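Start counting the sequence shown at 1; every next residue gets the next number (the UniProt record's numbering). Heads up, the beta-carbon is just placed ideally off N, CA and C, and yes, glycines get one too. Bear in mind the structure is a predicted one, so any value in this text is a computation, not a measurement.
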Amino acid sequence: MSSVGVADKMVEQLNAKKHPFIMCNFAPPDMVGHTGIYEAAVKAVEATDTAIGRIYEACKKNGYILMVTADHGNAEKMIAPDGGKHTAHTCNKGTNLESLAITIIAVCSNFDLNASVRKPVPPLLISAF
């Protein structure tokens with residue numbers, strides 16, 4: 001569940017330039033969000049943010065396009081209405097990365113940047129090829 005380890009492997013593969021498409025999952029914000037421990041969730045999101053930054057730099061260096069998406073929320077809502085811990089998934093349509101619990105990174109080369117921005121992921125990926 002290491003953001004650093006995932007980023008290391010992604011950067012390695014991006015630098016190798018062997019694959020037209022690479023995808024990974026960052027679990028820490030989701031998994032730690034389920035604990036209900038706010039401080040731990042903040043650290044998990046920060047570590048994932050740093051890892052995504054490293055991957056972004058490798059994408060720029062190697063001519064890849066970076067896409068970031070998520071399938072549900074969690075870490076953006078840690079406190080329940082009664083003041084207790086909120087540990088379940090949310091269905092928020094996150095408008096910023098802070099609200100995304102699972103961050104999935106998909107990168108591909110030769111992609112039309114104008115084809116992106118808030119579209120369903122499968123057709124977007126198919127259009128990249």
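A check of alpha carbon separations from GLN13 across ARG54, ALA44, ALA40 identifies ARG54 as the nearest. Put simply, the stretch 71–91 touches the stretch 29–47. At least three CB pairs are less than 8 Å apart. Taking a contact as a CB-CB distance under 8 Å, the pair ASN15 and ASN62 counts as one, their CB atoms being some 6 Å apart.
By a beta-carbon distance limit of 8 Å, ALA47 contacts SER3. Their separation comes to about 4 Å. For the beta strand (DSSP E) assignment, the uninterrupted runs of no fewer than 3 residues enclosed by the UniProt domain "Metalloenzyme" (1–92) are, from N- to C-terminal side, 21–26, 64–69. Short of 6 Å from the beta carbon of MET10, and not among the five residues preceding or following it, lie these beta carbons of its own chain, in chain order: CYS24, ILE55. A Cβ-Cβ distance of about 16 Å is found for the pair VAL32 and ILE52, leaving them out of contact under the 8 Å criterion. Counting of Cβ neighbours within 10 angstroms places ALA70 among the buried residues, the total reaching 16 or more.
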